[in-house]
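Each remark here refers to the structure printed beneath this line.
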Amino acid sequence: MKYLVTILMLFTGFVIAPLAVADDLVVSRAVLEDLSGSLTIADVANREFTPIGPTLSRGFSDSAYWLRLHVQAPPTGSQVVLFIRQPFLNQIRLYEADAGDPNHWKTRVTGNHYAYHERDLVRNSLGFVVNMASHEATYYLRLKTASISQLSVEALEPAEAERKDDQLDLLEMFFVTSMLMLLLWAIHSYLLDRLPVVGLFAVHQAMYILFGIAITGYLAPYIPVGFPRLADLSTAIPYCVVSFTTLLFCRELFKPYLPPPKLMAGLNLFLLAFPLQLVALSLGYTAFAVILNAVLIKLMWWYFVIMACTLRKEQSPSRRVLQLFFVTISLIFTLFWFVDHSSSTATKSRLYGRQTLLANGLIIGGLFAMILNARARRLLQEAQQSAHELLLTQKTLEIERTLKEEAEAQARTDYLTGMFNRRHFIERAENETVRAFRYPRPLSLMMIDIDHFKKINDTWGHDMGDEVLRKVSYLIRNAVRDVDIVGRMGGEEFAIMLVETGLEQAMHVAQRLCATIAETTIVSQTGIRMQVTISLGVTGLHDRDINFAGLLKEADMALYGAKQSGRNRVVGSGSVLARQDGQMTGSPIVPPASPKNFV
Numbered sequence: 075m076k077y078l079v080t081i082l083m084l085f086t087g088f089v090i091a092p093l094a095v096a097d098d099l100v101v102s103r104a105v106l107e108d109l110s111g112s113l114t115i116a117d118v119a120n121r122e123f124t125p126i127g128p129t130l131s132r133g134f135s136d137s138a139y140w141l142r143l144h145v146q147a148p149p150t151g152s153q154v155v156l157f158i159r160q161p162f163l164n165q166i167r168l169y170e171a172d173a174g175d176p177n178h179w180k181t182r183v184t185g186n187h188y189a190y191h192e193r194d195l196v197r198n199s200l201g202f203v204v205n206m207a208s209h210e211a212t213y214y215l216r217l218k219t220a221s222i223s224q225l226s227v228e229a230l231e232p233a234e235a236e237r238k239d240d241q242l243d244l245l246e247m248f249f250v251t252s253m254l255m256l257l258l259w260a261i262h263s264y265l266l267d268r269l270p271v272v273g274l275f276a277v278h279q280a281m282y283i284l285f286g287i288a289i290t291g292y293l294a295p296y297i298p299v300g301f302p303r304l305a306d307l308s309t310a311i312p313y314c315v316v317s318f319t320t321l322l323f324c325r326e327l328f329k330p331y332l333p334p335p336k337l338m339a340g341l342n343l344f345l346l347a348f349p350l351q352l353v354a355l356s357l358g359y360t361a362f363a364v365i366l367n368a369v370l371i372k373l374m375w376w377y378f379v380i381m382a383c384t385l386r387k388e389q390s391p392s393r394r395v396l397q398l399f400f401v402t403i404s405l406i407f408t409l410f411w412f413v414d415h416s417s418s419t420a421t422k423s424r425l426y427g428r429q430t431l432l433a434n435g436l437i438i439g440g441l442f443a444m445i446l447n448a449r450a451r452r453l454l455q456e457a458q459q460s461a462h463e464l465l466l467t468q469k470t471l472e473i474e475r476t477l478k479e480e481a482e483a484q485a486r487t488d489y490l491t492g493m494f495n496r497r498h499f500i501e502r503a504e505n506e507t508v509r510a511f512r513y514p515r516p517l518s519l520m521m522i523d524i525d526h527f528k529k530i531n532d533t534w535g536h537d538m539g540d541e542v543l544r545k546v547s548y549l550i551r552n553a554v555r556d557v558d559i560v561g562r563m564g565g566e567e568f569a570i571m572l573v574e575t576g577l578e579q580a581m582h583v584a585q586r587l588c589a590t591i592a593e594t595t596i597v598s599q600t601g602i603r604m605q606v607t608i609s610l611g612v613t614g615l616h617d618r619d620i621n622f623a624g625l626l627k628e629a630d631m632a633l634y635g636a637k638q639s640g641r642n643r644v645v646g647s648g649s650v651l652a653r654q655d656g657q658m659t660g661s662p663i664v665p666p667a668s669p670k671n672f673v
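Okay, structure coming up:
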């Protein structure tokens with residue numbers, strides 16, 4: 075954005091500093107208005123003319139204007155260039171007296187309605203090259219144009235005219251380059267942020283570049299011969315579209331600030347002028363469309379000032395900045411309007427064109443770009459802040475989710491052994507029992523109790539008891555599969571639900587587990603070494619209509635039987651075994667061949 079500020083300062087200097095002043099060979103200028111446009115050179119040659127300054131300025135007029143120039147010969151050579159500043163004029167006809175016959179007038183014509191390659195000066199500026207045979211000569215120029223009747227003519231030596239054309243080319247190059255930079259910035263910014271106000275600014279810049287090129291005559295080489303009206307439309311249409319896009323842009327710019335609805339509705343009335351201008355242009359009323367646009371420009375900028383002073387919501391840039399911006403631009407327009415209608419014709423000749431290109435284009439475009447850049451930066455900061463807040467929210471949610479999962483895990487897990495607690499084990503086991511009954515599948519339940527656990531606590535303390543519980547639970551988990559359900563039912567009592575496992579297989583698992591624990595030496599943190607045994611009660615579903623509570627009661631009764639039979643053993647449920655072989659069995663410990671190979 076700093077480059078935009080640099081460009082803005084550079085071209086403000088172009089507005090303030092005039093072009094290099096060349097030696098004008100015109101001794102005097104005088105004008106005659108031809109109201110009907112029917113006077114000939116013979117009619118006006120002896121008429122009384124009104125003296126004027128360097129610039130003839132009459133606005134839009136149906137009249138033809140005759141300009142009489144008294145020109146002195148250059149110090150060296152005889153060629154003189156009648157240099158015309160305004161390239162948008164339709165027809166300028168030169169009359170010069172024939173040296174052989176004073177009553178005969180030689181004539182040539184130029185203007186944007188005539189072929190570019192047939193000009194005396196094949197440049198974007200209009201003009202004529204004359205040869206002076208005496209120290210002083212008189213020339214007549216007849217101006218007839220549908221555009222503004224504004225004519226500035228200087229008599230220059232060819233080298234001076236060439237130098238001035240080069241200066242204007244350089245100025246145009248800087249203008250177009252800088253405006254293109256603003257346009258490319260706007261397009262890039264729009265593609266990144268997709269802000270409608272930036273997109274409208276890009277359209278405004280594109281149309282203003284086209285207008286600037288057309289009004290300075292740089293489209294003249296591309297206008298087809300035989301289509302003079304195209305030359306007028308190439309300037310008038312962009313001129314009207316620029317105002318239309320300015321209205322659209324400013325309306326979008328004001329929206330976030332919540333201006334009064336009535337003032338926003340007033341902008342829509344301004345927008346209605348554009349269709350009217352298009353109709354006028356299509357019907358050939360170019361002057362009406364251009365005059366309407368000039369009036370619209372004078373009104374709309376001060377209307378923008380009123381809107382800027384009534385904004386109700388603070389945004390970035392601030393309301394005060396917008397007010398200062400629109401007041402500044404309105405004063406610039408008003409200043410140039412007064413200059414254009416003042417009596418200082420010398421000032422007019424210097425400032426015309428710069429007003430159109432620099433003040434109305436670069437200054438306004440640069441300020442618009444700075445406003446949009448400030449808004450884009452604010453939106454970027456808000457987006458970054460939102461992204462940061464979103465990241466914090468996600469992290470907070472992740473922490474909360476982790477804490478929730480940990481809380482849920484703690485709610486269903488025994489803190490000492492890491493197994494499911496009694497409540498969650500029963501919940502899971504009940505669901506598995508329902509599933510096994512619905513889809514007839516084998517299912518077994520095993521109750522486990524550590525033998526003489528109270529004696530361990532009383533003899534070696536609760537720390538040793540906790541170590542025994544941890545070690546036994548570890549061995550139990552290692553003895554079963556991941557799909558099986560394991561839980562601590564309380565104290566030294568554990569339970570295992572063997573999924574899709576029949577009673578016979580469950581008995582083998584229980585026997586191996588019983589043998590494994592009996593053979594394992596448990597070492598406490600203080601170095602105490604001991605061995606413990608367990609008693610196990612086993613039952614199974616075995617095609618019976620029984621719920622989990624019934625299975626749990628049977629397994630508990632079988633565990634009681636193991637305790638009564640001397641501990642360190644496995645006992646199967648009598649009701650199930652009776653269905654198998656007609657008796658309750660207390661199984662002695664059989665060393666396992668493979669602790670987990672039971673499926």
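Sequential numbering of the sequence shown, starting at 75, is according to my numbering. We put the beta carbon where it would ideally sit given N, CA and C, even for glycine. Please read these numbers as outputs of a predicted model, since none were measured by experiment.
Span of the beta strand (DSSP E), counted from its first residue to its last, around residue 131: 129 to 131
Counterpart residues of residue 604 in DSSP-defined beta bridges: 596
Which listed residue (222, 189 and 272) has its alpha carbon closest to that of residue 449: 272
Three-way DSSP call (helix, strand, coil) for residue 487 in this model: In the structure shown, residue 487 sits in a strand (DSSP, three-state: E or B).
Closest Cα partner of residue 147 within the set 158, 167, 97 and 209: 209
Nearest-angstrom Cα separation, counted from residue 167 out to residue 446: 48 Å
C-alpha distance - residue 361 paired with residue 226, whole-angstrom precision: 20 Å
3-residue-minimum beta strand (DSSP E) runs that sit fully inside the region 146 to 210, ordered along the chain: 153 to 158, 165 to 171, 179 to 184 and 200 to 205
Meets three-Cβ-pair contact criterion under 8 Å: the region 334 to 347 and the region 271 to 285: no
Boundaries (first-last residue) of the beta strand (DSSP E) holding residue 646: Counting along the chain, the beta strand (DSSP E) containing residue 646 begins and ends at 644 to 646.
Buried/exposed call for residue 586, threshold 16 Cβ in 10 Å: buried
Residue 389 versus residue 452: straight-line alpha-carbon distance, rounded: A straight line joining the alpha-carbon of residue 389 with that of residue 452 spans about 9 Å.
For residue 517 and residue 506, the rounded distance between their alpha carbons: Approximately 9 Å between the Cα atoms of the pair.
Environment of residue 547 [buried if 16+ CB atoms lie within 10 Å]: buried
Sub-7 Å separation of residue 561 and residue 494 beta-carbons: yes
Three-way DSSP call (helix, strand, coil) for residue 526 in this model: coil
Exposure of residue 142, with buried meaning 16 or more beta-carbon neighbours within 10 Å: Buried is the label assigned to residue 142, since at least 16 other Cβ atoms lie within 10 Å of its Cβ.
contact_flag[the region 511 to 525, the region 622 to 635] where n(CB pairs < 8 Å) is 3 or more: yes
According to DSSP, residues forming a beta bridge with residue 221: Answer by DSSP bridge pairing: none, since residue 221 is not bridged.
Cβ shell of residue 370 (< 7 Å), same chain only, five flanking positions each side left out: The beta carbon of residue 370 sits closer than 7 Å to those of 317, 344 and 347, all from its chain and outside the five residues before and after it, given in chain order.
Coil, strand or helix - residue 301 by DSSP: coil
Own chain partners of residue 285 with C-beta closer than 6 Å, once the 5 adjacent residues on each side are dropped: 312, 313 and 316
Burial state of residue 324 (16 or more Cβ within 10 Å): buried
Identity of the residue in 444, 588 and 605 nearest residue 643 by Cα: The shortest Cα separation from residue 643 among 444, 588 and 605 belongs to 588.
Closest Cα partner of residue 185 within the set 234, 303 and 206: 303
6 Å Cβ shell around residue 541 - same chain, five flanking residues per side excluded: 598
DSSP three-state assignment for residue 570, whether helix, strand or coil: strand
Continuous alpha helix (DSSP H) stretch holding residue 277: start and end: 270 to 289
Where residue 439 sits in the DSSP three-state scheme: helix
With 16 other Cβ atoms within 10 Å as the buried cut-off, status of residue 175: Within a 10 Å sphere around the beta-carbon of residue 175 sit fewer than 16 other beta-carbons, which makes this residue exposed.
The region 117 to 131 touching the region 186 to 203, judged by at least three CB pairs closer than 8 Å: no
Option in 549, 383, 378 and 231 with minimal Cα separation from residue 149: Minimum Cα distance to residue 149 is reached at 231.
Range of the contiguous alpha helix (DSSP H) that encloses residue 370: 360 to 382
Every unbroken alpha helix (DSSP H) inside the region 489 to 561 [4 residues or more]: 496 to 512, 527 to 534 and 536 to 553
Residue span of the alpha helix (DSSP H) that contains residue 235, given as start and end: In the DSSP annotation of this structure, the continuous segment of the alpha helix (DSSP H) that includes residue 235 starts and ends at 232 to 267.
Environment of residue 513 [buried if 16+ CB atoms lie within 10 Å]: exposed
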